[in-house]
Amino acid sequence: MKTAIIHDWLINRAEEEQSLESLCTLFPDADVYTLFYKPEAIPSAMTAITVRPSRLQKLPGITKYYKYYMPLFPTMIEHIDLRGYDLVISNNRYFAKGVLTQPETCHICLLHPSILSFWQGPAPEPSKSPQSFRSVYPFLISYYRIWDIVSSQRVDYFITYSHLLEQHVIKYYRRNDISVIDTADGQDICRQRLYDLCHQIMNTFRVRQDTICQTHEIPSPQTHPAASSYMED
2 MKTAIIHDWL INRAEEEQSL ESLCTLFPDA DVYTLFYKPE AIPSAMTAIT
52 VRPSRLQKLP GITKYYKYYM PLFPTMIEHI DLRGYDLVIS NNRYFAKGVL
102 TQPETCHICL LHPSILSFWQ GPAPEPSKSP QSFRSVYPFL ISYYRIWDIV
152 SSQRVDYFIT YSHLLEQHVI KYYRRNDISV IDTADGQDIC RQRLYDLCHQ
202 IMNTFRVRQD TICQTHEIPS PQTHPAASSY MED
């Protein structure tokens, strides 16, 4: 099963990076994609994994001044080429779930609390930022909220560690296909639960795809001539 893991950015070690490390342990053969990263921030579990950054990696000061580049992130996350993957897991801080996948690809989103900052009432102006940035910040937040809702429809199933995020998914994304992993059970049990959930979701997704193809006599995406020529382009 060809697997890809999508991570927003990798410059420090927070909750999202701990989840990334767990995912890489569970799926050691997965390809890891990110918008940009610091080599020294790569977790120990990923030393044998090649991290594939976007074009943003080449921008000056991207790892230090990334918040000023954030309006570019939705577009750049959509430019990650994920053709040919069976399973895509987006380890979502803000934008990772916005990747574009093929119809035959199962997309699971592991959702983290950072995204809630877009939705907590009127956007406070960042006091330490330049005036020019502060003046457009409320408009950027509105743009991020819209894109957050749009990109949520690209996910087949959500997993999170928080019931607050579960409420967020139901209210704003209008989605009920979400599972909550209880962190009180301990790290090892949570990791095993995550692994089991991913495989369970993947199997259910495959059955659904096969049923659709058989019911409507649709050729498999791997054998359809148009799909084959598209993959070769």
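Counting along the sequence shown from 1, when you hit position 141 you're at 142 in my numbering, and nothing is skipped either side.
Glycine included, each C-beta is placed from N, C-alpha and C at the ideal position.
Query raised in the report: Secondary structure at ALA15, three-state DSSP: helix, strand or coil?
Result: coil
Query - 8 Å contact criterion, which MET2 and CYS25 should meet: CB distance rounded - result: Wrong, their Cβ atoms sit about 15 Å apart, outside the cutoff.
Query raised in the report: Quick one: Cα of THR64 to Cα of ASP211, how far?
Result: 43 Å
Report task. Round the Cβ separation of SER20 and ASN92 to the nearest angstrom and send it over; I've been treating them as touching at under 8 Å. Result -> 5 Å
Query - TYR158 beta carbon less than 8 Å from that of ASP178 - result: yes
Query raised in the report: Is the segment 33-43 in contact with the segment 107-124, if contact means three or more CB pairs nearer than 8 Å?
Result: no
Requested in this report: On the DSSP bridge assignment, give the partners of LEU88 in chain order.
Outcome: THR4 and CYS107
Query raised in the report: Residues in its own chain within less than 8 Å of ALA5 by CB, not counting five upstream and five downstream?
Result: ALA31, ASP32, VAL33, TYR34, LEU83, TYR86, LEU88, VAL89 and ILE90
Query - Neighbourhood of ALA42 by C-beta distance below 8 Å, restricted to the same chain and skipping five residues each side - result: LEU11, ILE12, ASN13, ARG14 and GLU18
Query raised in the report: Are the beta-carbon atoms belonging to ARG94 and HIS113 less than 8 Å from one another?
Result: yes
Query - Beta-carbon spacing of LEU77, LEU57 below 8 Å - result: According to the sequence displayed, residue 77 carries Met and not Leu. Yes, Cβ-Cβ distance for MET77 and LEU57 is below 8 Å.
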